[in-house]
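Protein chains in written order, with my numbering: chain D, 487 to 928; chain Z, 487 to 928. Only one structure is covered here, and it is reproduced in the block below.
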């Protein structure tokens with residue numbers, strides 16, 4: 487290229503997340519921790535294409551979703567990038583129905599795309615991390631209690647000691663609306679979902695605008711204010727004495743959830759029955775979940791989901807009830823990172839850097855690296871000619887915890903000096919001792 | 487939905503790969519094996535957005551690439567899906583140059599998109615698995631010998647004992663073309679690249695059409711027929727006695743590669759110097775690699791790459807020489823799967839299925855599952871009401887290796903019977919003994 491060639495300014499589109507390697511390592515650790523717990527809980531992985539047919543993705547969508555869609559074109563037409571993992575799951579289960587075993591327990595951790603308004607921490611390409619348990623015709627409500635046990639294990643494993651899973655039941659809410667004579671249940675549900683964000687006075691105003699009477703509003707207020715221990719909440723709900731079947735079923739499911747969740751070893755301190763949790767989507771029909779990290783309330787719910795009656799009605803006549811949750815990984819990572827959660831956790835995959843003093847130690851340095859890798863100890867060798875200070879600086883900048891400097895003496899004696907870069911200590915070790923030492927200390 | 491509602495037929499676009507969960511597990515195992523070796527070799531992960539600016543992706547592209555591109559539209563314009571991981575890497579290194587340490591060792595295993603002609607085993611959305619080592623201004627040729635050691639470790643770890651890394655040097659080839667007076671080096675390179683596929687007579691014809699004289703063609707033939715052990719090939723090349731600097735540099739690099747690669751512990755049986763390997767892309771400037779699995783030659787090269795002088799000239803004035811390789815994971819998996827490579831390897835993440843005999847053992851079954859998961863043993867509990875035969879069938883279909891059936895007796899005694907589903911054997915164990923047994927046997 488000629489000297490007056492002007493490079494194109496390297497940049498990415500606004501609203502897309504891109505990390506430096508040391509941040510990417512942390513992101514991957516978070517993702518792998520979650521995946522490991524899915525696997526330990528007997529969920530199988532699936533992946534679906536990022537591009538799907540328009541007729542599939544838009545079978546249900548509309549309104550906001552449709553406006554946010556990324557359309558794709560090549561020689562083919564009517565293609566789109568998926569905007570969630572639920573629609574592809576529904577299509578997948580309907581498509582491979584005869585090959586799947588039910589209950590079908592699947593996890594999927596992949597990217598989805600939404601043309602969201604450009605806003606700090608809101609990304610247009612982001613990871614969702616979903617699990618669902620899907621039955622054929624029936625799915626025991628006991629599974630509703632398994633889901634929070636997985637949420638509990640995930641956030642514990644991610645390093646949070648203090649968080650709470652909030653739960654409610656849509657049948658209970660619908661039974662309540664029925665009992666007090668509310669017609670437009672969905673609108674009221676969506677309003678209630680905002681109480682914690684907008685406060686009661688604004689909620690009351692919205693309910694008035696939606697045509698609720700003062701008496702109805704008072705009963706809504708009473709319901710959403712119910713709080714206390716799980717037993718207290720259940721006691722107060724029973725005392726309300728509504729008698730329609732939907733209410734009674736909801737109440738009984740909520741009681742069952744509370745009993746079974748303890749068998750799944752979720753501590754009483756980490757969940758609560760919360761009548762204000764509704765999950766606005768009309769999709770849910772039973773238990774609903776939201777998860778809040780104590781000290782990080784501004785993040786909102788970091789893991790949400792619920793029970794639905796029928797996953798894939800748009801693609802099959804088979805009845806597929808299920809229960810599932812989703813974590814928005816990209817946003818969660820961004821926010822935790824901003825709040826300093828990962829401070830001091832930065833690390834590099836490479837645990838050992840081998841530095842030959844000069845060219846005559848290169849062969850020995852390469853052989854030592856090969857021996858460490860053979861022992862599955864992550865290691866690298868610096869092979870460029872450079873001032874020694876520059877080489878050490880490389881180890882420092884990358885937070886490589888151990889360095890072995892190879893001089894004439896080390897090559898001759900085959901005794902290696904392992905420097906701990908953080909503590910400044912060092913050990914003199916034979917190859918076998920070196921491998922054993924590193925296996926224990928890394 | 488009303489009874490006369492007609493579901494949309496669930497399907498994906500042609501040319502996209504989608505796997506059943508048991509195949510996805512195998513795919514993920516293959517991907518994780520490769521990633522682990524990248525990490526052990528001190529490469530750091532990066533991920534880049536799937537959607538990039540048109541001006542970035544098309545800075546160099548043209549011809550075939552441009553025709554295969556997927557364009558993306560939302561409220562923004564001029565967006566595309568990436569067609570490889572090299573262009574995004576170049577953009578990334580140019581963009582974050584001041585924050586990176588050199589040599590910059592990165593790996594990236596992500597999906598790319600190409601609107602390829604629809605053909606069995608050719609996918610339009612596929613994983614590439616890339617590593618590169620990138621220097622600033624300089625990068626020691628010793629790194630060219632590290633790359634094959636990583637290829638060697640990968641295919642060994644994937645379970646292949648017999649494969650060969652073929653290597654050549656573009657400087658050697660260019661020096662040769664110079665010596666025998668060939669002008670259009672790139673066209674001839676691309677023709678030579680096809681010898682093994684189309685045979686010599688067809689190659690000869692193409693070289694004639696490209697205007698080579700009979701004498702030039704004979705010299706080309708002589709060069710590409712050089713074979714034997716690495717020492718023999720190097721000896722025959724030295725005997726050719728060309729004297730231009732490009733040739734001599736290439737020959738010296740090839741000799742150095744042969745020496746250093748052995749320090750990296752690649753056995754002589756697993757690589758060869760092959761003058762027919764050229765890698766048609768004009769991008770490469772030194773060492774080039776291709777990898778062939780013995781017994782699977784119809785796959786072509788399963789891992790290819792090489793050395794280049796400057797990665798990111800379109801986006802920065804910094805000189806960034808590097809060396810790297812790429813594996814097309816999706817196609818490789820498809821082909822190996824078709825050829826039966828994964829036969830009998832199918833497995834399920836869940837290792838233990840717990841079956842309560844009837845409703846009164848459900849609580850105990852849930853508690854046992856929770857205890858196993860706490861011990862990081864992947865397990866699940868069957869909670870739906872179903873005939874016992876159906877429950878056992880679930881374990882069989884999913885290849886779950888161990889089943890624990892919980893009856894009254896087991897709950898009372900807290901002694902569990904662990905059934906090995908494959909061998910038909912069983913053990914009676916307390917919870918602690920059960921966990922220890924499974925830790926050893928899974």
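Idealized CB from N, CA, C, for every residue including glycine.
Point to revise | At least three beta-carbon pairs within less than 8 Å, the segment 499 to 510 of chain D to the segment 559 to 570 of chain D | key: no
Check your understanding: How big is the Cα-Cα spacing for residue 797 (chain D) and residue 733 (chain D)?
Key -> To locate residue 797 (chain D), count along the first chain from 1; it is residue 311. To locate residue 733 (chain D), count along the first chain from 1; it is residue 247. Roughly 23 Å between the two C-alpha positions.
**Study point:** The beta strand (DSSP E) enclosing residue 708 (chain D), as first and last residue numbers
**Key:** Translated into positions along the first chain, residue 708 (chain D) becomes position 222. Per DSSP, residue 708 (chain D) belongs to no beta strand (DSSP E); it is in the alpha helix (DSSP H), 700 to 710.
Check your understanding: Within 7 Å (strictly less), CB to CB, does residue 570 (chain Z) reach chain D?
Key -> Along the second chain, one-based indexing puts residue 570 (chain Z) at 84. No - not a single Cβ of chain D is within 7 Å of the one on residue 570 (chain Z).
Exercise for review: Could you pull out every residue in the same chain whose Cβ sits closer than 6 Å to the Cβ of residue 441 (chain D), ignoring the five residues on either side in sequence?
Suggested key: Only positions 487 to 928 of chain D appear in the structure, and residue 441 (chain D) is not among them; the question remains open.
Review point. Quick one, which of D:522, D:633, D:515, D:665 has its alpha-carbon nearest residue 852 (chain Z)'s?
Key: Within the second chain, the letter at position 366 stands for residue 852 (chain Z). Of D:522, D:633, D:515, D:665, the residue nearest in Cα terms is D:633.
**Study point:** For residue 773 (chain Z), three-class secondary structure by DSSP
**Key:** Within the second chain, residue 773 (chain Z) is the residue found at index 287, counting from 1. Strand.
**Study point:** Residues within the segment 873 to 893 of chain D neighbouring chain Z, beta-carbon criterion of under 9 Å
**Key:** 879, 880, 883, 884, 886
Check your understanding: Counting along the chain, where does the beta strand (DSSP E) carrying residue 616 (chain D) start and finish?
Key -> Here residue 616 (chain D) refers to the residue found at position 130 when the first chain is read from its first residue. Unbroken beta strand (DSSP E) run through residue 616 (chain D): 611 to 620.
Check your understanding: Under 7 Å Cβ-Cβ, which residues of chain Z neighbour residue 932 (chain D)?
Key -> Outside the shown range of chain D, which is 487 to 928, sits residue 932 (chain D), and nothing can be said about it.
Practice item. Count the other CB atoms, across all protein chains shown, that sit within 10 Å of the CB of residue 687 (chain D); report buried if there are 16 or more and exposed otherwise. Key: Working through the first chain from its first residue, we reach residue 687 (chain D) at position 201. By the neighbour-count rule (16 or more Cβ atoms within 10 Å), residue 687 (chain D) is not buried but exposed.
Check your understanding: Any residues in the segment 832 to 843 of chain D with a beta carbon nearer than 9 Å to a beta carbon of chain B? Which ones, in chain order?
Key -> You won't find chain B in this structure, because its protein chains are D and Z.
Practice item. Tell me whether residue 933 (chain D) sits in a helix, a strand or coil according to DSSP, three-state version. Key: Residue numbering for chain D in the displayed model covers 487 to 928; residue 933 (chain D) lies beyond these limits and cannot be assessed.
Review point. Where in the segment 833 to 889 of chain Z do unbroken runs of the alpha helix (DSSP H), each at least 4 residues long, occur, reported from the N-terminal end onward?
Key: 848 to 860, 874 to 883
Review point. Thinking just about the alpha-carbon of each residue, which of D:787, D:780, D:801, D:760 is nearest to the one in residue 541 (chain D)?
Key: Residue numbering aside, residue 541 (chain D) sits at position 55 when the first chain is read from its first letter. Cα-wise, what sits closest to residue 541 (chain D) is D:801.
Point to revise | Closer than 7 Å at the beta carbon, the chain D residues around residue 820 (chain Z) | key: Mapped onto the second chain, residue 820 (chain Z) falls at position 334. By Cβ distance, chain D contributes nothing, its closest Cβ being about 14 Å from residue 820 (chain Z), past 7 Å.
Point to revise | Opening and closing residue of the beta strand (DSSP E) in which residue 903 (chain Z) lies | key: Position 417 of the second chain holds residue 903 (chain Z). Element bounds for residue 903 (chain Z): 902 to 906.
Practice item. Please check if any C-beta of chain Z sits within less than 7 Å of the C-beta of residue 487 (chain D). Key: Mapped onto the first chain, residue 487 (chain D) falls at position 1. Reliability fails at residue 487 (chain D), whose pLDDT of 49 lies under 50, so the model's placement of it is uncertain and the value that follows must be treated cautiously. True, the Cβ-Cβ gap to chain Z drops below 7 Å.
Review point. Quick one: what does DSSP say residue 523 (chain D) is sitting in, helix, strand or coil?
Key: Numbered from its first residue, the first chain carries residue 523 (chain D) at position 37. Correct three-state label for residue 523 (chain D): helix.
Exercise for review: Determine the direct distance from the alpha carbon of residue 909 (chain D) to that of residue 887 (chain D), and round the result to whole angstroms.
Suggested key: One-based indexing of the first chain puts residue 887 (chain D) at position 401. One-based indexing of the first chain puts residue 909 (chain D) at position 423. Whole-angstrom Cα-Cα distance: 9 Å.
Point to revise | CB contact flag (residue 567 (chain D), residue 556 (chain D), <7 Å) | key: As a first step, residue 567 (chain D) is located in the first chain; it is residue number 81 there, counting from the start. As a first step, residue 556 (chain D) is located in the first chain; it is residue number 70 there, counting from the start. Yes; because the gap between Cβ atoms is below 7 Å, this pair is in contact.
Review point. Between residue 792 (chain Z) and residue 807 (chain D), what straight-line distance do the alpha-carbon atoms span, to the nearest angstrom?
Key: Residue mapping note: residue 792 (chain Z) aligns to position 306 of the second chain, counting from 1. Residue mapping note: residue 807 (chain D) aligns to position 321 of the first chain, counting from 1. Computed Cα separation, rounded: 52 Å.
Review point. Around the C-beta of residue 631 (chain Z), are 16 or more other C-beta atoms found within 10 angstroms, so that it is buried, or is it exposed?
Key: For the purposes of this step, residue 631 (chain Z) is taken as the residue at position 145 of the second chain. Result: buried.
**Study point:** Bounding residues of the alpha helix (DSSP H) (the contiguous stretch that carries residue 786 (chain Z))
**Key:** Counting from one through the second chain, the residue named residue 786 (chain Z) turns up at place 300. That residue, residue 786 (chain Z), is in no alpha helix (DSSP H); it is neither H nor E in DSSP.
Check your understanding: At what residues does the alpha helix (DSSP H) containing residue 692 (chain Z) begin and finish?
Key -> Along the second chain, one-based indexing puts residue 692 (chain Z) at 206. Unbroken alpha helix (DSSP H) run through residue 692 (chain Z): 686 to 695.
**Study point:** Contact under 7 Å by Cβ, residue 865 (chain D) with residue 525 (chain Z)
**Key:** In the first chain, the residue the question calls residue 865 (chain D) occupies position 379. In the second chain, the residue the question calls residue 525 (chain Z) occupies position 39. For residue 865 (chain D) and residue 525 (chain Z), no; Cβs fall outside 7 Å.
Practice item. Compare the C-beta of residue 792 (chain D) with all C-beta atoms of chain Z and state if any pair is closer than 7 Å. Key: Mapped onto the first chain, residue 792 (chain D) falls at position 306. For residue 792 (chain D), the answer is no, since every Cβ of chain Z falls outside 7 Å of its Cβ.
Point to revise | residue 753 (chain Z) classed as buried or exposed, judged by whether at least 16 other C-beta atoms fall within 10 angstroms | key: On the second chain, position 267 is the one that residue 753 (chain Z) refers to. Exposed, because fewer than 16 other Cβ atoms sit within 10 Å of the Cβ of residue 753 (chain Z).
Practice item. Using three-state DSSP, classify residue 661 (chain D) as helix, strand or coil. Key: Reading the first chain from its first residue, position 175 is the one you call residue 661 (chain D). If DSSP states are grouped into helix, strand and coil, residue 661 (chain D) belongs with the helices.
Point to revise | Cβ contact (3+ pairs, closer than 8 Å) linking the segment 758 to 769 of chain Z and the segment 607 to 625 of chain Z | key: no
Check your understanding: For the putative contact between residue 649 (chain Z) and residue 756 (chain Z), defined by C-beta atoms under 8 Å, what is the C-beta separation to the nearest angstrom?
Key -> Residue numbering aside, residue 649 (chain Z) sits at position 163 when the second chain is read from its first letter. Residue numbering aside, residue 756 (chain Z) sits at position 270 when the second chain is read from its first letter. Yes, they are in contact, since the Cβ atoms of residue 649 (chain Z) and residue 756 (chain Z) sit about 7 Å apart, within 8 Å.
Check your understanding: Would you call residue 848 (chain D) buried or exposed, if buried means 16 or more other Cβ atoms sit within 10 Å of its Cβ?
Key -> Counting from 1 along the first chain, the entry for residue 848 (chain D) is found at position 362. Residue 848 (chain D) comes out buried.
Practice item. Would you please state the rounded distance, in angstroms, between the beta carbons of residue 613 (chain Z) and residue 597 (chain Z)? I believe it to be under 8 Å. Key: Within the second chain, residue 613 (chain Z) is the residue found at index 127, counting from 1. Within the second chain, residue 597 (chain Z) is the residue found at index 111, counting from 1. Between residue 597 (chain Z) and residue 613 (chain Z) the Cβ distance is about 6 Å, and since that is below 8 Å, they are a contact.
Check your understanding: So, residue 902 (chain D) versus residue 890 (chain D), is the Cβ gap smaller than 7 Å?
Key -> The count along the first chain starts at 1 and reaches residue 902 (chain D) at position 416. The count along the first chain starts at 1 and reaches residue 890 (chain D) at position 404. In contact: residue 902 (chain D) and residue 890 (chain D) (Cβ atoms closer than 7 Å).
Exercise for review: Would you give the residue range spanned by the beta strand (DSSP E) that residue 812 (chain Z) belongs to?
Suggested key: As a first step, residue 812 (chain Z) must be located in the second chain, where it is residue number 326. Element bounds for residue 812 (chain Z): 808 to 814.
Check your understanding: List, in order along the chain, the chain Z residues whose C-beta lies closer than 7 Å to that of residue 750 (chain D)?
Key -> On the first chain, position 264 is the one that residue 750 (chain D) refers to. 852, 856, listed in chain order.
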